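The next block holds one structure in the form of structure tokens; read it before the comments.
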Amino acid sequence: MGHKVHPNAFRLGVYRTWEANWFALDKDYTKLLHEDLAMRRLIMGRLRNAGIARIETERSSNAQMTVTIHTAKPGIVIGKGGASVDQLREDLEKTFGNRVRISIQEIKQPELDAQLVAENIASQLERRISHRRAMKQSILRTMRSGAKGVRIALAGRLRGAEMARREWDREGRVPLHTLRADIQFGKATAKTTFGMIGIKVWIYRDMVKGRTRGGEQQTEIAPQPTEAEVASAQQAAQQQSQGGPGNRPPGQRPRRRGGRGRSGGGGGGGQGGQGGGPRPGGGGGGQGQGGPGGQGQGGQGQGGQGGHGGGREGGNAPS
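Each residue of the sequence shown is one higher than the one before, counting from 2 in this note's numbering.
Laid out in structure tokens, this is it:
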């Protein structure tokens, strides 16, 4: 049975980078990793309502750590006169013993960030808002912001049901197997009176034009059409402009040409007389007598002078 891989981890090294950008020796790796995780928990616990999407860390050789906070509400993180960010910096330096530099990046469109959308749905569920309404409104706002597709999944005791279940909704397309697709993934947990409800959000923004691999920017160039393809396209356009088969209005049946009439079809054609040769779809010319016509919706075919029938040239229409 197949399982869905984490969209962010699946695209690491293609065009998405790691949130922790530092290197360490084998003996120091465990210590630095625990410090990194503890630092993230401390920031997220203190700035719970600041709309933080992700935290990036970077360590330099001179024991200095740079923390970049991506938030939709930079005013809450900075505080009045920068008091909140200064207090946060002092606490981090006192806890981990390193010099800390904090950088704040504002998220211009929080509706296109999957982590912020998941946290917004979690807060609505904790306020006893219907889960279907929360999903529909989040999908509507995300699609209006310019997303190509969004998928939301909820799991838990929805609406207080005794048995937990899973519901999901989707709008547009979310190509998880396409590496060039810019897909944001976020998850959150809503703590309700009936238990915990898990929220997962996938947002498909657009295709990435250039892919970063090995530090080099690779830009994909669309292949140019060949001369044969250009000539074929011009010929097809010319046929359509002249009323070719591709220019037929919808619902209109193709016009039938000459041949043998069929029973139940239009009228049969007549045999040519002495006056003239057979003509497509008509009787004989001159003084000739018309042949037997087929019975159909078009009536009985008649020959003679200027006769018109629904059959085809020179053939007897079988009844």
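We put the CB at the ideal spot given by N, CA and C, even for glycine.
Note that this is a predicted model, so its numbers are computed, not measured.
Taking a 10 Å sphere around the C-beta of A191, we find 16 or more other C-beta atoms and assign the residue as buried. DSSP places F11 inside the alpha helix (DSSP H), whose first and last residues are 8 to 11. DSSP places K201 in the strand class (E or B) of the three-state scheme.
When secondary structure is reduced to three states using DSSP, H4 falls in the coil class, being assigned neither helix nor strand.
Take G80, set aside five residues on each side of it, and the residues of its chain with a beta-carbon closer than 7 Å to its own are V86, in chain order. With contacts defined by Cβ atoms closer than 7 Å, R100 and Q125 do not form a contacting pair. Ranked by Cα distance from Y16, the first of V209, T179, A229 is V209. Ranked by Cα distance from S131, the first of I70, I198, I108 is I198.
For A182 and D114, the gap between their C-alpha atoms comes out near 15 Å. When the five nearest sequence neighbours on each side are left out, the beta carbons in the same chain lying within less than 6 Å of the beta carbon of S139 are those of V118, I122, in order along the chain. Beyond the five residues adjoining it in sequence on each side, R142 comes within less than 6 Å, by CB distance, of E112 in the same chain, given in chain order. Secondary structure note for I77: its alpha helix (DSSP H) is the uninterrupted segment 75 to 79.
Taken in chain order, the complete alpha helix (DSSP H) segments of 4 or more residues contained in the stretch 149 to 195 number zero; there are none. Boundaries of the beta strand (DSSP E) harbouring R55: 53 to 60, taken from the DSSP string.
DSSP, reduced to helix, strand and coil, places Q235 within a helical segment of the structure shown. Under the three-state reduction of DSSP, T69 is assigned to strand. Nearest to K149 by alpha-carbon distance, out of Q116, R206, D170, is R206. I108 and D29 have their C-alpha atoms roughly 34 Å apart. Judged by DSSP secondary structure, V101 falls within the beta strand (DSSP E) whose first and last residues are 100 to 107.
Around G187, the same chain offers A115, Q116, A119, V202 as residues with beta carbons nearer than 6 Å, after the five sequence neighbours per side are excluded.
Residue pairing by DSSP places M208 opposite A182 in a beta bridge. Within the DSSP bridge table, the entry for A21 names T58 as partners. Of the residues V151, A25, T72, the one whose Cα lies closest to the Cα of I53 is T72.
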